[in-house]
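Number of protein chains: 2
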Amino acid sequence: MVTRLSNFFLRTLREDPSDAEVTSHRLLVRAGYIRRNAPGIFAWLPLGLKVEAKIETVVREEMANAGAFEVHFPALLPREPYEVTGRWEEYGDALFRLQDRKGADYLLAPTHEEMFTLLVKDLYSSYKDLPLTIYQIQDKYRDEARPRAGLLRGREFTMKDAYSFDATDAGLDASYQAQRDAYERIFTRLGLEYVIVAADAGAMGGSKSEEFLHPTPIGEDTFVRSAGGYAANVEAFTTVAPDALPIAGQPEAVIFDSPNTPTIATLVDHSNAHLDAPAPGIAGPATDEATAWTAAHTLKNVVLALTHLDGTRELVVVGLPGDRDVDDKRVEVAFAPAEVEAATEADFAENPLLVKGYIGPWSPTGAVLGEESATKIRYYLDPRVVDGTAWITGANIDQKHVHSLVAGRDFVGDGFVEVSTVRAGDPAPDGSGPVELARGMEIGHVFQLGRKYAEALGLKVLDENGKLATVTMGSYGIGVTRILAIIAELNNDDKGLIWPASVAPFDVHVVATGRDQAAFELAASVSDQLEAAGLDVLYDDRPKVSPGVKFGDAELVGIPRILIVGRGAAEGQVELWDRRTGERETVTVADAVAALTR
Amino acid sequence: MVTRLSNFFLRTLREDPSDAEVTSHRLLVRAGYIRRNAPGIFAWLPLGLKVEAKIETVVREEMANAGAFEVHFPALLPREPYEVTGRWEEYGDALFRLQDRKGADYLLAPTHEEMFTLLVKDLYSSYKDLPLTIYQIQDKYRDEARPRAGLLRGREFTMKDAYSFDATDAGLDASYQAQRDAYERIFTRLGLEYVIVAADAGAMGGSKSEEFLHPTPIGEDTFVRSAGGYAANVEAFTTVAPDALPIAGQPEAVIFDSPNTPTIATLVDHSNAHLDAPAPGIAGPATDEATAWTAAHTLKNVVLALTHLDGTRELVVVGLPGDRDVDDKRVEVAFAPAEVEAATEADFAENPLLVKGYIGPWSPTGAVLGEESATKIRYYLDPRVVDGTAWITGANIDQKHVHSLVAGRDFVGDGFVEVSTVRAGDPAPDGSGPVELARGMEIGHVFQLGRKYAEALGLKVLDENGKLATVTMGSYGIGVTRILAIIAELNNDDKGLIWPASVAPFDVHVVATGRDQAAFELAASVSDQLEAAGLDVLYDDRPKVSPGVKFGDAELVGIPRILIVGRGAAEGQVELWDRRTGERETVTVADAVAALTR
Chain U
69 MVTRLSNFFL RTLREDPSDA EVTSHRLLVR AGYIRRNAPG IFAWLPLGLK VEAKIETVVR
129 EEMANAGAFE VHFPALLPRE PYEVTGRWEE YGDALFRLQD RKGADYLLAP THEEMFTLLV
189 KDLYSSYKDL PLTIYQIQDK YRDEARPRAG LLRGREFTMK DAYSFDATDA GLDASYQAQR
249 DAYERIFTRL GLEYVIVAAD AGAMGGSKSE EFLHPTPIGE DTFVRSAGGY AANVEAFTTV
309 APDALPIAGQ PEAVIFDSPN TPTIATLVDH SNAHLDAPAP GIAGPATDEA TAWTAAHTLK
369 NVVLALTHLD GTRELVVVGL PGDRDVDDKR VEVAFAPAEV EAATEADFAE NPLLVKGYIG
429 PWSPTGAVLG EESATKIRYY LDPRVVDGTA WITGANIDQK HVHSLVAGRD FVGDGFVEVS
489 TVRAGDPAPD GSGPVELARG MEIGHVFQLG RKYAEALGLK VLDENGKLAT VTMGSYGIGV
549 TRILAIIAEL NNDDKGLIWP ASVAPFDVHV VATGRDQAAF ELAASVSDQL EAAGLDVLYD
609 DRPKVSPGVK FGDAELVGIP RILIVGRGAA EGQVELWDRR TGERETVTVA DAVAALTR
Chain G
69 MVTRLSNFFL RTLREDPSDA EVTSHRLLVR AGYIRRNAPG IFAWLPLGLK VEAKIETVVR
129 EEMANAGAFE VHFPALLPRE PYEVTGRWEE YGDALFRLQD RKGADYLLAP THEEMFTLLV
189 KDLYSSYKDL PLTIYQIQDK YRDEARPRAG LLRGREFTMK DAYSFDATDA GLDASYQAQR
249 DAYERIFTRL GLEYVIVAAD AGAMGGSKSE EFLHPTPIGE DTFVRSAGGY AANVEAFTTV
309 APDALPIAGQ PEAVIFDSPN TPTIATLVDH SNAHLDAPAP GIAGPATDEA TAWTAAHTLK
369 NVVLALTHLD GTRELVVVGL PGDRDVDDKR VEVAFAPAEV EAATEADFAE NPLLVKGYIG
429 PWSPTGAVLG EESATKIRYY LDPRVVDGTA WITGANIDQK HVHSLVAGRD FVGDGFVEVS
489 TVRAGDPAPD GSGPVELARG MEIGHVFQLG RKYAEALGLK VLDENGKLAT VTMGSYGIGV
549 TRILAIIAEL NNDDKGLIWP ASVAPFDVHV VATGRDQAAF ELAASVSDQL EAAGLDVLYD
609 DRPKVSPGVK FGDAELVGIP RILIVGRGAA EGQVELWDRR TGERETVTVA DAVAALTR
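Chains as they are written, first to last, in this note's numbering: chain U, 69 to 666; chain G, 69 to 666.
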């Protein structure tokens, strides 16, 4: 049945919504695809639902091709399973929690690892039952701190989440690969270029994780890749540590006056003015050519305040080369599940041994940082700060620094952390050469969870020898509504949306113009022909609307193929309009139908 | 692609779930359609999802035929719109409420009148935009006090809810009729016999409401119908009040001793032993033939405690003929949105003027009940207690009653309420004769909301004269998951489920039996043929499972047409098994395929 605009539930808007921060949000609201009901919470109008259904169909078909079966869990779930795995706490404020009338705790599920694990535990008992991959397409909830960017980061969103269950590690590898392959097919069918990057498993736990990123300069994620094939998001990038240097024979640490040098830049300037030129190789990153002090010779000490799950607050310090900064996302991952913020003035006031602007791991009276130190504050090091590297850093005395402070001799860390910024040219950890940085949008995420959830919830099966073995799992997610927004974000111009044909809400947008009844009759008849040929047709039959408004709406709504029936109708001439290229071509009705149904 | 049981995600259970109170719950869990996650909250397994999808397809097609457009609202919604209409409070404990991380109030929506109203207000402005009917198929939440009966009354459930918008009352009538007609088509296609009964609009507000009930002795709802075409659920039944009788000339009220007569039965016995026989017509229901006192001559006074929305508690008394009881559902509707319970001992202790077992509206010192009375307790009357009827009732003195107490002379009520039980033989209010009682299950509900929501939320459009007019609305609901459970409840035997073909999870269940490889090869080939012919086939290809187990599973799962490929395979013979009738017929493969694809 041809959908006629004269009675279809669609109203386009002339004005951008005032709260729209990104193009997809702005255009999807203006073109009548979605409406906002609350921050990060949207209603779907008929056009939006149709696009979402097309994406879901692609996902379902490829899940079936991967041998996965569809199920559907509730959004409202009891606390207990999430308590057992620790996620009830770990999710922090991002979890919507509520109580029922009897005071029992419930949550709105952000993902369903626990419930899938329990389902399989309920029904399966033998390795012969495995492998199994099951999935759902379902509405999920996360109470984002700053819901923004429309559907790109909502608080209610539709996700395809799949979970695999295997008796062996090799089985998990195969199940993981099957989902990974399905994701490649899905994104190819949706016309979404992708890069598969190593990712941090984060709150999901588990051993291996990869993200599918769509590379685009407007992406919110940064990833790195080498010409040799390495790719990772910055959270998962691992630093290549230099070899340790000999400590024996290195000069003693020397404290020097460094008035008004609380920043790396002022410290470097002061050093070049007052210290001898650096000896070759004295600090980690220095090279034979070093003739002046640089930020890379300094050790920057960043004080962070962690808030642990149990609510306790702990200061830690990270020491890293002064030419690097801490990367917020890498910090978040490094210290998860604790929440991290910069230390406050109050923190410094409570810890007078930390002299702001002049902090270092050592002072003439001994170690200042580290669990065994005067402050008992844990001290983590960037992997580049290997034993034998010598540094200029704070002396924990106001207006004084120290040089020739040697790692492994004058100070030791409590461990290494990956928190420094990653830079173009940094070596890839797999030896495949220097990396370059790029931006992308996350479009899918696959995890090897391993046995974490199965162990916590007791999912075991009898193995070939009749012994109980814990099952190993994977989880695989695609944000369906997010994908829709990303496609919209990538396919538009200043006039409106331009859908790829595979997900367009209709196949053809027929526009009748003018006051000639014959044009409307021809448009109706052509629409019927196209529908009979299996196309889904939106026909703009509005009788008293100007061609300009109709064309504007067609451009805004963004169906890629538009057929205009107007002045030439009497002669059987119509216009084919390609929304993406803007090209219009006058052809006969028969040719138009042939072209559209080809 | 043929679904093969050897790797399909399905495990049938031998044991009934311990918490299953009804057949549909028991069988849907045992046959692998659903799993319980929490009270009234279920996960859907592949078979269940397939049945649900078929029901949704029927609903979507008939909504499209009725000109309704599909949208989709979030389940998680902000408090404000529900506050404006009063439903945030009115829903009481049945509403799941929660707060986000910023402390803003949210709810999990039980229905979406408010949001649909606001959507149309946002987008529409003229009577020319109307009529409009939009709907969604969406997961809803109600925190039932006693979630029970599996999917029949869950706390999370899937509903089709449609809303119509019209500029005029005549328009609403037409939109209402279009949905009503669509419901008739839907239930017919789903094979669900139905009766349309007048219903109370209840918490929805509005002017007119009808329920679709499936008549069945196991139904939870009682309805009445007359041979002349009247049908209503008991909540909506209205009593035909008799004409008032003349008061003048009736004898004076007389107090009499009635020791140990706190119940109607003991009072009637006492009256027959100690009072003169009743005069014709002295009490409402007495007839000329009355020669003995009956319960119908007595006025029963029931004390109820209302809890109002603001938390205040109020006692009220209802006077009704002693041969009737108060009907809990009618009481609930009569006093909504207050909650009603029976008065407690504490209530009586606080109101010594109410002498338990001997309560009446009058005592020798004057009125005891009614707002103008000694107790100030409001007094409601059954519609049969018209002026001029005379009654035996309590005298508010222990061990004493009064007779010849005349309504309109000795006592007056504060109004009439419809709370009495309805009995077979009661006259239908439309004059179509006496009613009979029957039981049914609610399968759909249609409401004329009128202007309640549009007024509360300010939905107005310009009318033909350019003046702002408030829009009038309807709302129309079908519980999709409830319908599924009802179909299961009505279609089963002691072996398992028996789906109607229109909603069966598969079209054919092919079972290969024996150890003969040829049987499995033939079964696979027949399955492929049937799929190629457009059928959805479940093929039980499990190699080491006995025929008995396979047949038992087939009966439990309940696909209506089963094809057995076993012993006769070598001769090209197979068995067609009709799950409903139990008939098995040996036919050739070609005949079987022809019969199944016919």
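C-beta: ideal position from N, C-alpha, C; glycine also. Predicted model only: the values in this text are computed from it and were never measured.
Is DSSP giving residue i helix, strand or coil here?
i	result
G/Thr53	Chain G is shown from 69 up to 666; residue 53 of chain G falls before or after that span and cannot be answered.
G/Gln318	coil
G/Ala663	helix
U/Arg104	strand
G/Gly352	Reliability of the predicted coordinates at G/Gly352 is poor, the pLDDT of 49 falling under 50, and the value obtained from them is presented with this limitation in mind. Three-state result, G/Gly352: coil.
G/Pro85	coil
U/Gly74	What sits at residue 74 of chain U in the sequence shown is Ser, not Gly. The answer is coil: DSSP assigns U/Ser74 none of H, G, I, E or B.
U/Thr125	helix
U/Lys535	coil
U/Val613	coil
G/Tyr544	strand
Is it buried or exposed, residue i, if we count other Cβ atoms within 10 angstroms and call 16 or more buried?
i	result
G/Glu170	Position check: residue 170 of chain G holds Lys in this sequence, whereas Glu was assumed. G/Lys170 should be labelled exposed.
G/Lys520	buried
G/Pro285	exposed
G/Val139	buried
U/His376	exposed
G/Arg550	buried
U/Thr179	buried
G/Leu536	exposed
U/Glu486	buried
G/Val308	exposed
G/Ala213	exposed
G/Arg210	buried
U/Gly650	exposed
Following the continuous beta strand (DSSP E) through residue i, name the residue where it begins and the one where it ends.
i	result
G/Phe484	No beta strand (DSSP E) contains G/Phe484, which DSSP labels as neither H nor E.
U/Trp567	Neither: U/Trp567 is in no beta strand (DSSP E) and is coded neither H nor E.
G/Glu510	503-518
G/Leu145	144-146
Please name the residue in the options whose C-alpha comes closest to that of residue i.
i	options	result
G/Asp173	G/Trp156, G/Phe184, G/Leu281	G/Trp156
G/Ala660	G/Ser595, G/Thr329, G/Thr290	G/Ser595
U/His469	U/Ser500, U/Val263, U/Tyr607, U/Asn328	U/Asn328
U/Val454	U/Gly636, U/Ala475, U/Ser74, U/Ser614	U/Ala475
G/Gln676	G/Leu200, G/Ala213, G/Thr538, G/Val539	This structure cannot settle anything about residue 676 of chain G, because the visible part of chain G is limited to 69 through 666.
U/Gln204	G/Lys118, G/Tyr262, G/Thr185, G/Val188	G/Lys118
G/Glu278	G/Ala213, G/Tyr298, G/Glu181	G/Tyr298
G/Thr51	G/Ser570, G/Ala242, G/Ala600, G/Lys612	What is shown of chain G runs 69 to 666, which leaves residue 51 of chain G out entirely.
U/Pro628	U/Thr656, U/Gln167, U/Lys563, U/Tyr544	U/Lys563
G/Phe621	G/Ser86, G/Asp87, G/Leu95, G/Ala88	One detail in the question is off: residue 621 of chain G reads as Asp in this sequence, not Phe. Checked all of G/Ser86, G/Asp87, G/Leu95, G/Ala88; the closest Cα to G/Asp621 is G/Leu95.
U/Ala363	U/Asp378, U/Glu382, U/Thr334	U/Thr334
G/Ala458	G/Leu552, G/Ala414, G/Lys368, G/Ile445	G/Lys368
G/His365	G/Asp337, G/Asp325, G/Glu129, G/Glu413	G/Asp337
G/Leu113	G/Ser326, G/Gly287, G/Gly100	G/Gly100
For the alpha helix (DSSP H) that residue i lies in, which residues bound it at each end?
i	result
U/Asn328	It is not in any alpha helix (DSSP H) - U/Asn328 carries neither H nor E in the DSSP assignment.
Can you find a C-beta in chain C that's less than 9 Å from the C-beta of residue i?
i	result
G/Trp112	The chain labelled as chain C is not found among the protein chains of the depicted structure, namely U and G.
What are the complete beta strand (DSSP E) segments, minimum 3 residues, inside the region 164-250 of chain G?
164-167, 173-176, 200-209, 224-234
Could you tell me which whole beta strand (DSSP E) segments of length 3 or greater appear in the region 276-312 of chain U?
276-283, 289-294, 299-301
List, from N- to C-terminal side, the alpha helix (DSSP H) runs of 4 residues or more that fit wholly inside the region 397-447 of chain U.
If one requires a minimum length of 4 residues, the alpha helix (DSSP H) runs lying completely within the region 397-447 of chain U are 413-418, in chain order.
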